[in-house]
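The structure appears below as structure tokens.
Number of protein chains: 2
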Amino acid sequence: MESTGVTGHAQQVDGGSAPGVVAADHPGIVSLFGVLAYGEISAFYRLVEDAAMAPTLRDRIAMASMAAAEMNHFEVLEAALRDRGRDVLSVTEPFAAALDAYHASTLPSTWMEVLVKTYVADGLAADFYREIAHSLPAEVAATVREVLAETGHSEFVVSEVAARVAEDAAAKDRLMLWGRRLLGEAITQAQFVLAQREELTELVMTASGDFTGIVALFDRMQVRHSERMATLGLV
Amino acid sequence: MESTGVTGHAQQVDGGSAPGVVAADHPGIVSLFGVLAYGEISAFYRLVEDAAMAPTLRDRIAMASMAAAEMNHFEVLEAALRDRGRDVLSVTEPFAAALDAYHASTLPSTWMEVLVKTYVADGLAADFYREIAHSLPAEVAATVREVLAETGHSEFVVSEVAARVAEDAAAKDRLMLWGRRLLGEAITQAQFVLAQREELTELVMTASGDFTGIVALFDRMQVRHSERMATLGLV
Numbered sequence: 001m002e003s004t005g006v007t008g009h010a011q012q013v014d015g016g017s018a019p020g021v022v023a024a025d026h027p028g029i030v031s032l033f034g035v036l037a038y039g040e041i042s043a044f045y046r047l048v049e050d051a052a053m054a055p056t057l058r059d060r061i062a063m064a065s066m067a068a069a070e071m072n073h074f075e076v077l078e079a080a081l082r083d084r085g086r087d088v089l090s091v092t093e094p095f096a097a098a099l100d101a102y103h104a105s106t107l108p109s110t111w112m113e114v115l116v117k118t119y120v121a122d123g124l125a126a127d128f129y130r131e132i133a134h135s136l137p138a139e140v141a142a143t144v145r146e147v148l149a150e151t152g153h154s155e156f157v158v159s160e161v162a163a164r165v166a167e168d169a170a171a172k173d174r175l176m177l178w179g180r181r182l183l184g185e186a187i188t189q190a191q192f193v194l195a196q197r198e199e200l201t202e203l204v205m206t207a208s209g210d211f212t213g214i215v216a217l218f219d220r221m222q223v224r225h226s227e228r229m230a231t232l233g234l235v
Numbered sequence: 001m002e003s004t005g006v007t008g009h010a011q012q013v014d015g016g017s018a019p020g021v022v023a024a025d026h027p028g029i030v031s032l033f034g035v036l037a038y039g040e041i042s043a044f045y046r047l048v049e050d051a052a053m054a055p056t057l058r059d060r061i062a063m064a065s066m067a068a069a070e071m072n073h074f075e076v077l078e079a080a081l082r083d084r085g086r087d088v089l090s091v092t093e094p095f096a097a098a099l100d101a102y103h104a105s106t107l108p109s110t111w112m113e114v115l116v117k118t119y120v121a122d123g124l125a126a127d128f129y130r131e132i133a134h135s136l137p138a139e140v141a142a143t144v145r146e147v148l149a150e151t152g153h154s155e156f157v158v159s160e161v162a163a164r165v166a167e168d169a170a171a172k173d174r175l176m177l178w179g180r181r182l183l184g185e186a187i188t189q190a191q192f193v194l195a196q197r198e199e200l201t202e203l204v205m206t207a208s209g210d211f212t213g214i215v216a217l218f219d220r221m222q223v224r225h226s227e228r229m230a231t232l233g234l235v
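First to last, the protein sequences are chains A and B.
The first sequence runs contiguously to residue 235 in full-length UniProt numbering.
The second sequence runs contiguously to residue 235 in full-length UniProt numbering.
Put into structure tokens, the structure is as follows:
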């Protein structure tokens, strides 16, 4: 989509199966809501914990606002699950291990690492939404858009990070490695989740056309990740 | 108001000056928004920190929801201050010391203490709103109602605490003392804030009629506090 060129969907249609549309009662939808809901609650607690490193009250407020936005999204997912007769707790718990593992393996040790993680994670979530939205039933797509679309909150990160790395080459090197690690761990855990949950794999497969499509999806997310790193001056 | 009987406003009018109406440009309004805004951000971080003691994911979610509600309120106050051409940071910072002192002097050491503090603080805030709302300009009253009216979130506390104290007399005794300490520290810090900020004292004075009215206000809040403690089985 957008300017992805040779890896875009038009190309996929030539090279593999066309992306399809996910049925409204596909079991992967409940699991998708579940993994997103656990993602929101764990991001909430992680943001607040990381805010302990915030140097100013303004930064602490910005982190709290982002965390609150995650909880508001959680409540949207909780309501969507309730509409489907499902309880958010039982649906989210299967994803706790993978998401906790992601956070445990990417604990920031400086305020700059906090900021980069926030920005990168927000971006990856929005990318993932863009990748699958076109295949989801309209109502489900609207829910996913509401909880994954970029909030703009993390834009406050760009100026702080870009200013810092412009004047500190060592910090820049460390943050570039950090960004690579964040992406790597996210892909590792995403693949782990897909491997464990057949109904989710099927949903993403439907959105991507076929297995080649899933590989291309991860490739495109990697390209956009590099673009975001460049926006932060990490290039 | 409501069923407060002899301490209600009708009685005050006989015994002292009648409550008045606060002018729309009263400087106490900006300070009121400021103290409420700092109250929201500090409650946010405190709730999240206390959630570390939560025994279940369900409890962690309930605490995160309450914390997010505080931040949503913060944003309402930030917007109201922006409408008045004021920056939330400069307006809230003068209240940081008193509110931080309140939290530092009431750090819960058990999950039951966390729950009681949550419930008591939410109730005191709602009481304070009820006490001053009638004197505020309509637009200001609406903002204060939006951020102070009981959220209902803390109702989840009642069943957990009541069940525990019904079967554990020692826990009940400790929590009764805890409730008294929470009220005492809240009143101490509220009086400290009023003593430091003349424009706020004036605003509360206008809402209460006179100094006797302020004393009666604190008395009524104490009565309602006891009612809440009784609801928790702490009587």
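We put the CB at the ideal spot given by N, CA and C, even for glycine.
- For a cut-off of 8 Å, the C-beta gap from alanine 67 of chain B to valine 48 of chain B is around 5 Å, short enough to register as a contact.
- Under the criterion of beta carbons closer than 8 Å, valine 114 of chain B and methionine 53 of chain B qualify as touching, at roughly 6 Å.
- Comparing alpha carbon positions, the residue from B:Thr231, B:Gly20, B:Arg197 and B:Arg224 closest to alanine 125 of chain B is B:Arg224.
- Counting along the chain, the unbroken alpha helix (DSSP H) around phenylalanine 33 of chain A starts and ends at 27-50.
- Around the C-beta of glutamine 189 of chain B, 16 or more other C-beta atoms lie within 10 Å, and the residue is accordingly described as buried.
- The distance from the Cβ of leucine 77 of chain A to that of glutamate 40 of chain A is about 7 Å, consistent with a contact at the 8 Å cut-off.
- Put simply, the stretch 172-183 of chain A does not touch the stretch 55-75 of chain A. Fewer than three CB pairs are less than 8 Å apart.
- When the beta-carbon positions are compared, threonine 231 of chain B and valine 21 of chain B stay at least 9 Å from each other.
- Alanine 64 of chain B sits in a helix when the DSSP states are folded into three classes.
- The three-state secondary structure of glycine 123 of chain A, taken from DSSP, is helix.
- At a cut-off of 9 Å, the C-beta of methionine 71 of chain B has a neighbouring C-beta in chain A.
- The C-alpha of phenylalanine 218 of chain A lies about 19 Å from the C-alpha of leucine 177 of chain A.
- Exposed is the label assigned to phenylalanine 211 of chain A, since fewer than 16 other Cβ atoms lie within 10 Å of its Cβ.
- Sixteen is the threshold: when 16 or more other Cβ atoms of the shown chains lie within 10 Å of the Cβ of arginine 46 of chain A, as they do, the residue is buried.
- Under the three-state reduction of DSSP, alanine 98 of chain A is assigned to helix.
- Taking 8 Å as the upper bound for CB-CB distance, glutamate 167 of chain A and threonine 106 of chain A are not in contact here, some 25 Å apart.
- Using a CB distance cut-off of 9 Å, glutamate 185 of chain B does not count as an interface residue toward chain A.
- For glutamate 198 of chain B, the uninterrupted alpha helix (DSSP H) run begins and ends at 198-208, by DSSP.
- If you look at aspartate 219 of chain A, you'll find it in the alpha helix (DSSP H) that goes 211-231.
- Taking 9 Å as the CB threshold, phenylalanine 74 of chain A lines the interface with chain B.
- Glutamate 70 of chain B sits buried, since 16 or more C-beta atoms from the chains shown fall within 10 Å of its C-beta.
- Going by DSSP, glutamate 139 of chain B is part of the alpha helix (DSSP H) stretching over 138-148.
- Annotated three-state conformation of valine 235 of chain A is coil, per DSSP.
- Judged by their CB atoms, valine 161 of chain A and methionine 112 of chain A are nearer to each other than the 9 Å cut-off.
- Proline 27 of chain A and asparagine 72 of chain A have their alpha carbons spaced roughly 24 Å apart.
- Ranked by how close their Cα comes to the Cα of glycine 123 of chain B, the residues B:His134, B:Leu183, B:Pro137 and B:Ala141 have B:Leu183 in first place.
- A check of alpha carbon separations from histidine 103 of chain B across B:Tyr38, B:Val147 and B:Ser135 identifies B:Tyr38 as the nearest.
- Residue range 156-167 is occupied by the alpha helix (DSSP H) that includes alanine 163 of chain A.
- Here arginine 228 of chain B is buried: its Cβ has 16 or more other Cβ atoms, across all protein chains shown, within 10 Å.
- Of the other Cβ atoms in all chains shown, fewer than 16 fall within 10 Å of the Cβ of glycine 85 of chain A; this residue is therefore exposed.
- Straight-line spacing of the CA atoms in glycine 233 of chain A and phenylalanine 156 of chain A works out to 14 Å.
- Between the alpha carbons of alanine 138 of chain B and alanine 141 of chain A lies a distance of about 40 Å.
- Contacts with chain A at 9 Å (Cβ-Cβ) include glutamate 93 of chain B.
- Less than 9 Å divides the Cβ of leucine 32 of chain A from the Cβ of valine 144 of chain A.
- In the three-state scheme derived from DSSP, where H, G and I count as helix and E and B as strand, arginine 86 of chain A is classed as coil.
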